[in-house]
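K.L.:
Residue numbers (the working numbering), protein chains in the order written: chain A, 229 to 340; chain B, 2 to 115.
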């Protein structure tokens, strides 16, 4: 059974700092990995999707990397802003194709 | 463009009462549809997914059920709610046959069972 772990559970940084969020998974036989953002009481917004054959994806100030063999992914946020404050979740798409297994998320607070 | 609608946004129900949450998707055809639950302080748990009308796969045993009466409509139901059914329910969709495409979520329903 796939298990996804996100460390740290919470992170507080000053504005402008670069930061890294971590995601690890137990079964490397994955289809893809997706990073989401969730604001309090809201649904999830997809940020980046990395296919199993890819090593990284970039969107603006966000860069996500994937190392399948070690079961790890990182989300790098450059020059953080208060508007980046949210919970970030990673989810692993399994080879069966139909389901994602989610981590519990990292709650990020960027202080002005 | 595609949009996903989920309602209601919040719901307070007594134990033992029935439940019906609706989700509809616009701007696409034949989507894969999903129901997730997010309990407080925990990750998302997949409850049901559907690859077509009338086709429902259940991921966990529970007193909830799902139905897909139309291509772009997904309904989550219960005949009798339990306290443990409280949580944040999220509907999501993805293009059918495209496991390497993004999953898109609705805005969620906060259910409190009292």
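The beta-carbon is built from N, C-alpha and C at its ideal position, and this holds for glycine as well. Values in this document were obtained by computation on a predicted structure and should not be read as measured data.
#1: Using a beta-carbon distance below 8 Å, is residue 327 of chain A in contact with chain B?
#2: Compare the C-beta of residue 90 of chain B against all C-beta atoms of chain A and say whether one is closer than 8 Å.
#3: Counting along the chain, where does the beta strand (DSSP E) carrying residue 111 of chain B start and finish?
#4: Sorted by chain position, which residues of the same chain lie with C-beta nearer than 6 Å to residue 68 of chain B's C-beta, five sequence neighbours on each side aside?
#5: Where do the N-terminal and C-terminal ends of the beta strand (DSSP E) with residue 25 of chain B fall, by residue?
#6: DSSP puts residue 7 of chain B in a beta bridge; with which residues?
#7: Taking 6 Å as the limit between beta carbons, can you name the residues of its chain near residue 46 of chain B, skipping five residues before and five after?
#8: I'd like to know whether the C-beta of residue 333 of chain A is nearer than 8 Å to at least one C-beta of chain B.
#9: With 8 Å set as the bound, which would you pick, yes or no: does the beta-carbon of residue 261 of chain A sit closer than that to a beta-carbon of chain B?
#10: Under a Cβ-count criterion, where at least 16 other Cβ atoms within 10 Å of its own Cβ denotes burial, should residue 289 of chain A be classed as buried or exposed?
#11: If you draw a straight line from the alpha carbon of residue 41 of chain B to that of residue 17 of chain B, how long is it in whole angstroms?
#12: Taking 8 Å as the threshold (beta carbon to beta carbon), is residue 270 of chain A in contact with chain B?
#13: Look up residue 230 of chain A in the DSSP assignment and give the residues it is bridged to.
#14: What residue from A/238, A/302 and A/317 has the CA that sits closest to residue 336 of chain A's CA?
#15: Scan the region 285-319 of chain A for residues whose Cβ lies nearer than 8 Å to a Cβ of chain B and list them as they occur along the chain.
#16: Between residue 82 of chain B and residue 268 of chain A, what straight-line distance do the alpha-carbon atoms span, to the nearest angstrom?
#17: Whole angstroms are fine: how far does the CA of residue 12 of chain B sit from the CA of residue 115 of chain B?
P.N.:
A quick look at the data gives this:
#1: At least one C-beta of chain B is nearer than 8 Å to the C-beta of residue 327 of chain A.
#2: No, no contact with chain A.
#3: From DSSP, the beta strand (DSSP E) with residue 111 of chain B extends over 110-114.
#4: The residues are 76.
#5: Run containing residue 25 of chain B: 20-27, per the beta strand (DSSP E) assignment.
#6: Paired residues: B/24.
#7: Cβ neighbours of residue 46 of chain B beyond the five flanking positions: 38.
#8: Closer than 8 Å: yes.
#9: No, no contact with chain B.
#10: Of the other Cβ atoms in all chains shown, fewer than 16 fall within 10 Å of the Cβ of residue 289 of chain A; this residue is therefore exposed.
#11: The alpha-carbon atoms of residue 41 of chain B and residue 17 of chain B are separated by roughly 21 Å.
#12: For residue 270 of chain A, the answer is yes, since a Cβ of chain B falls inside 8 Å of its Cβ.
#13: Partner(s): none; residue 230 of chain A has no beta bridge.
#14: With distances taken between Cα atoms, residue 336 of chain A lies closest to A/238.
#15: If you check each beta-carbon in the region 285-319 of chain A against every beta-carbon of chain B, the ones closer than 8 Å belong to 317 and 319.
#16: Residue 82 of chain B and residue 268 of chain A: Cα-Cα distance of roughly 25 Å.
#17: Distance between the alpha carbons of residue 115 of chain B and residue 12 of chain B: 11 Å.
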